[in-house]
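Peer 1: Taken in sequence, the protein lines are chains V and Z. When we follow my numbering, the leftmost residue of the first sequence carries the number 72, and every step to the right adds one. When we follow my numbering, the leftmost residue of the second sequence carries the number 379, and every step to the right adds one. All C-beta atoms in this analysis are idealised placements derived from N, C-alpha and C, irrespective of residue type, glycine included. Since the model is a prediction, treat every value here as computed from it, not as a measurement. Dumping the structure here so I can ask a few things about it.
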Amino acid sequence: MAVTDTPRFVRADGPDKVTGSGRYVADLTLTGMLTAKFRYAGVAHARITKIDVTAARAIPGVFAVLTADDVPDLRYSPVVPDRHLFAKDTVRFEGEVVAAVAAINAEVAQQAADAVVFEYDELPIVDDLEAAMTDESPLVHEDWEEYAVTGDTPRDRNVATFSSISKGDVDAGMAAADLVVKQRYVADGCHALPIEPRGVVAQWEGNKVTIWTSTQVPFDARNGVCETLEMPSNRVRIIVPHLGGGFGGKCGFHFEAHIAALAKAAKRPVKIVFSREEEFLAPDRRRESMIIDLETGLMNDGSIVARRGWVAVDNGAYTADSAFFPQLAAMHVAGPYKIPNVHIDSSLVYTNHQPSGSVRAPTAPQGCWACETHTDELASAVNMDPVAFRKMNAIDTGAEGVVGQIYDEIGLQDCIDAATKAAGYGQDLPDDEAIGVAIGWWPSFPGPSGAFVRLDADGAGQIVTGAQECGTGAVMTLRQLAADELGMDPEDFEIIYQDTAVAPYDTGATGSQTLLNNGRAVVAAAEQIAEQLKAHAAEQLEAAVGDIVLANGAAHVAGSPDKSVSINELAEIASGGEMLIGKGSPVPPDYPEIPGMNCVGDQGVAAWAAPQFSCHAVRVRLDRDTGVARVLGIACAHDSGTIINEVAAHGQVEGGVLMGIGQALTEGTVYGEDGRQKNPALLEYKLQTFADAPPITTTFIQTPTTEAGPRGAKGLAEAPNVPTAAAISNALAKILGQPVRQLPMTAERIWETSTAGGNQ
Amino acid sequence: MTLETAPASINLTVNGVTYPVVADTSRNLLSVIRTEVGLTGTKEGCDDCECGACMVLLDGQPVNSCSYLAAQAEGKAITTIEGLGDGDALHPLQAKMLEAGGVQCGFCTPGMIMSAHALLERTPDPTEEEIRIGLSGNLCRCTGYAKILQAVGEAAVELR
């Protein structure tokens, strides 16, 4: 088992962040810069009858007012291109942008946004997932059949995409079962909620635009601007200053093109910074609400023989990056179990809600919560301890999972053992306390990624990478990888990152894959420099290249540490000829092939490369009189392959767990009958505070993993978010005698469950 | 009702330096510190006193500067994140936040450090519970607070 010892990790961006000298988008000012404001629909579903900007444009200090008439008339979005930059003919959610204004200051900009005449006829609101799937439902997109959909997905009216996963014969399996358990689980949507509200600044010089923006995915943002404003990629430069968190909420392409178009029209730099309310209402990256029906056939010995599932995922008004959500949701409600007969149908359903998108492990916390709450109900039905039940049914190395994939060496069973042991599972507890256990899984996402590494004449290193640092420390860890390849210290390197004009492509801070993909790129680039250094050293030391070792800032001959030359000296020598510039863009590992996989609407998220596994065991205390639950402690065990940066890895688990507790107990979007959010503010939408946070312990099960990142690392940032709500649910069910089958499990819902009938 | 506002000359003393600024009387302290004074380390996360990212010290007391009028701060000693540390040397709270891994995206960090500073001024030897309660007005979405707790505890030891 490879374990990398990293007792210390001082982030390269750390001094900027603790001194206040680090710049975020909101901190940027350009000469002549104007302020932008958006006019939002403010209504969930309506036919536009009039948009008139005459009065707004006439206000002194207003430089530009734009609507759909002022930008290219095209629809965009991956897989299902179903939206325009500005509302056109119809508005489909309250946060849709109707017009954008650039003015001399924020007050004038707001005055002009308010002065835009926007008239409409209201349309019936589609807000119930099941009703939306019927033939009688009003359509969210009347032109749905005209959309230029890519890929293979069945679609029908309000169903934007559909996927199924299937294995064996679920009808026969169900018929042969000794007993069948069937339940429904309903999860509300919630928000990513980074503490930094998003901001965009755009400035044109000639026919080129530079956009400073708080995105997690600079190249996606660039491509969105190129597509919607019809520009080549080399005239759009995206720069991300420090990014104040994202959690998926800042993935995708958002408002960069709106601000770029304003700046072009105004002939001035233009800036927008969102208010907290706008953060709640406007972005197309909200965690999706879901309805999950699960039916599971069991034998009396506790073995699961069949699972049938039906899942509806709230797409909201437009398809952001959610086309693959149904298949991913199907995988999570099926779970990391050895089930011979499986069939899950899963639909992405249009509503007049804010669009859903990739928030930290999309569909997984809700899917896992349903699956794992259901698992405890199954164990109870056969009078088994839920941990023993999991040990019996969960996949292990060499086992076949729910789509027929055979898993290489995995650490799920070890995760269950480690987390339950650390939590003291099985101990006697007071009547108002219990320990709940849940397991989860999450794929890794290999993909193309590039980096340059160079050493200049003084031996100082630069890593130039397209990767994006959203706070996790993944990009900061890259210099550790480069340093190790070159026998140098991490502090010998600075990192140039998140600038699309200077660095090669990377997917961005999405899918927990920065270290997995860009780590391999940096290692490959550093290896090229290592070869150059060794060649120079061999010449200097009159030794064979194969005998040169790079360590401690010098090159020496193997077995003769005294016979050495410093890397600084070698760098100076190299600077007079072929410079020390390495490039890395390794071919990504393949995704596994699953012979005979039987999935309709395959979106590529059923065959999992380098899957991550986890088990969380959480101790909960419940105040029965009020329904208020408090998490007293949580023990986590994660198989994320080799841990390269231990401090950052613990930080990811701790942050993911706390987000999971919020999703479990307090965080949920509440919609009114008018289709508008009722709690778009931090007083009504409650995050977990310092005082709420429990002690969190983490064990890393470092299984050797092939087809993964550098040194066998897998992803980590999303996995801790997956089983937390599920484990809390199972603790609550033990105390209450039945689960709370609605998420979040608020005090009111817990109290209702504990009193007559509850949510049965 | 129309709120009566007008430009006013205000002398703001920030980190020991007095800045004569002209700002509308309706302006909050946060926006004046970030624009007229030009120190952007203090962040805006909600403009509603709920997240703590804008925390500064007024005569040593922690205040959400988003909800405090700039004009009210005249005559008070304002300390922002830029006022901590001694030259290039980090304040122990800053150093421990880095060493313990209490910094991820960094957006809540300045406000968190200012709240912690105020806490340790009045409670030099805090219990874990006192740290949790003392910093409960500062939201962090990245860390789960665990490493911030560790950092503040370690800084308290060093500062005593």
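Is any beta-carbon of chain V found at less than 8 Å from that of Z/D464?
Peer 2: Not closer than 8 Å to any Cβ of chain V, the Cβ of Z/D464 fails to qualify, so no.
Peer 1: Can you give me, in chain order, the residues of the segment 522 to 549 of chain V that have a beta carbon less than 9 Å from any beta carbon in chain Z?
Peer 2: Within the segment 522 to 549 of chain V, the residues whose Cβ lies closer than 9 Å to some Cβ of chain Z are E540, C541, G542, T543 and G544, listed in chain order.
Peer 1: On a CA-only basis, which of V/I119, V/S92 and V/S646 is nearest Z/D466? Give me that one, please.
Peer 2: Ranking the options by Cα distance to Z/D466, first place goes to V/S92.
Peer 1: To the nearest angstrom, how far is the alpha carbon of V/Q498 from that of V/I506?
Peer 2: Going by the C-alpha atoms only, they are around 9 Å apart.
Peer 1: If the cut is a Cβ gap below 7 Å, which residues of chain Z does V/V728 touch?
Peer 2: By Cβ distance, chain Z contributes G522.
Peer 1: Alpha carbon to alpha carbon, how far is V/I481 from V/F233?
Peer 2: Distance between the alpha carbons of V/I481 and V/F233 is about 30 Å.
Peer 1: Contact defined as beta carbons within less than 8 Å: I believe V/V616 pairs with V/A625. What is the distance between those atoms, to the nearest angstrom?
Peer 2: Not confirmed; about 16 Å, so no contact.
Peer 1: Residues in the segment 708 to 719 of chain V with C-beta within 9 Å of chain Z's C-beta atoms, listed in sequence order?
Peer 2: So the close ones are V718 and A719.
Peer 1: Based on DSSP bridge pairs, tell me the residues matched to Z/L447.
Peer 2: Answer by DSSP bridge pairing, in chain order: Z/N406.
Peer 1: Would a C-beta distance cut-off of 8 Å place V/I196 and V/N423 closer than the cut-off?
Peer 2: For V/I196 and V/N423, yes; Cβs fall inside 8 Å.
Peer 1: Enumerate in chain order the residues of its own chain whose CB-to-CB distance from V/P765 is below 7 Å, with the five nearest sequence positions on each side excluded.
Peer 2: Closer than 7 Å at the Cβ level, and outside the excluded window around V/P765, lie V702, L703, G704 and I705.
Peer 1: Could you tell me which uninterrupted alpha helix (DSSP H) segments, each at least 4 residues in length, are contained entirely in the segment 523 to 609 of chain V, listed from first to last along the chain?
Peer 2: List check, alpha helix (DSSP H) in window: 549 to 557.
Peer 1: With V/V420 as the anchor, note down where its beta strand (DSSP E) starts and where it stops.
Peer 2: It spans N412 to Y421 - the beta strand (DSSP E) in which V/V420 sits, taken as one unbroken run.
Peer 1: What's the gap between the Cα of V/S631 and the Cα of V/A592?
Peer 2: Answer to the nearest angstrom: the Cα atoms are 31 Å apart.
Peer 1: Within the continuous alpha helix (DSSP H) that includes Z/T418, where are the two ends?
Peer 2: First-last for Z/T418: undefined, no H or E at that position.
Peer 1: Cβ of Z/N516 less than 8 Å from any chain V Cβ?
Peer 2: It does; some Cβ of chain V falls within 8 Å.
Peer 1: Give the DSSP-derived three-state secondary structure of V/H155 in the structure shown.
Peer 2: In the structure shown, V/H155 sits in coil (DSSP, three-state: anything other than H, G, I, E or B).
Peer 1: Once DSSP output is grouped into helix, strand and coil, what is the label at V/L200?
Peer 2: Of the three classes helix, strand and coil, the one that applies to V/L200 here is helix, per DSSP.
Peer 1: Are there three or more Cβ pairs, one per stretch, closer than 8 Å when the segment 643 to 663 of chain V is compared with the segment 516 to 531 of chain V?
Peer 2: A contact exists between the segment 643 to 663 of chain V and the segment 516 to 531 of chain V.
Peer 1: Is the beta carbon of V/R356 closer than 8 Å to that of V/G277?
Peer 2: Contact flag unset, no.
Peer 1: Do the segment 204 to 222 of chain V and the segment 172 to 182 of chain V touch if we need at least three Cβ pairs shorter than 8 Å?
Peer 2: Verdict: no, contact absent.
Peer 1: Please report the distance separating the alpha-carbon of V/V724 from that of V/R308.
Peer 2: Using only the alpha carbons, I get a separation of about 34 Å.
Peer 1: What would DSSP say about V/A336, mapped onto helix, strand or coil?
Peer 2: Helix.
Peer 1: Should Z/C518 go down as buried or exposed, given a rule of 16 or more other Cβ atoms within 10 Å for buried?
Peer 2: With 16 or more other Cβ atoms within 10 Å, it is buried.
Peer 1: Between the segment 322 to 339 of chain V and chain Z, which residues of the former have a C-beta closer than 9 Å to a C-beta of the latter?
Peer 2: Under the 9 Å Cβ criterion, the segment 322 to 339 of chain V contributes no residue.
Peer 1: For the candidate residues V/A629, V/R431, V/R695 and V/N639, whose alpha-carbon lies nearest to that of V/V728?
Peer 2: Measuring from the Cα of V/V728, the nearest candidate turns out to be V/R431.
Peer 1: At a Cβ threshold of 8 Å, is V/T284 touching chain Z?
Peer 2: With 8 Å as the cut-off, V/T284 does not count as an interface residue toward chain Z.
Peer 1: On a CA-only basis, which of Z/L407, Z/D503, Z/T420 and Z/T521 is nearest V/A788? Give me that one, please.
Peer 2: Nearest of Z/L407, Z/D503, Z/T420 and Z/T521 to V/A788, Cα basis: Z/T521.
Peer 1: With V/D694 as the anchor, note down where its alpha helix (DSSP H) starts and where it stops.
Peer 2: Premise fails: V/D694 lies in the beta strand (DSSP E), A680 to D694, not in any alpha helix (DSSP H).
Peer 1: Quick check on DSSP: helix, strand or coil for V/D52?
Peer 2: Nothing can be reported for residue 52 of chain V: it is not among the residues displayed for chain V, which extend from 72 to 831.
Peer 1: By Cβ distance, which residues of its chain are closer than 8 Å to Z/A478, with the 5 residues on each side in sequence left out?
Peer 2: The residues are K525, I526, Q528, A529 and E532.
Peer 1: At which residues does the alpha helix (DSSP H) containing Z/P470 begin and terminate?
Peer 2: Taken as a continuous stretch (DSSP letters only), the alpha helix (DSSP H) holding Z/P470 covers P470 to A478.
Peer 1: Can you find a C-beta in chain Z that's less than 8 Å from the C-beta of V/H403?
Peer 2: So, not an interface residue.
Peer 1: Compute the Euclidean distance between the alpha carbons of V/T13 and V/P340, then round it to the nearest angstrom.
Peer 2: A question about residue 13 of chain V goes unanswered here, because the residues of chain V that appear run from 72 up to 831.
Peer 1: For a test of the three-state rule: what should DSSP assign to V/D485, helix, strand or coil?
Peer 2: Three-state DSSP puts V/D485 in a helix.
Peer 1: Could you list which residues in chain V have their beta carbon closer than 7 Å to that of Z/V481, in chain order?
Peer 2: The contacting residues are R82, G85, K88 and V89.
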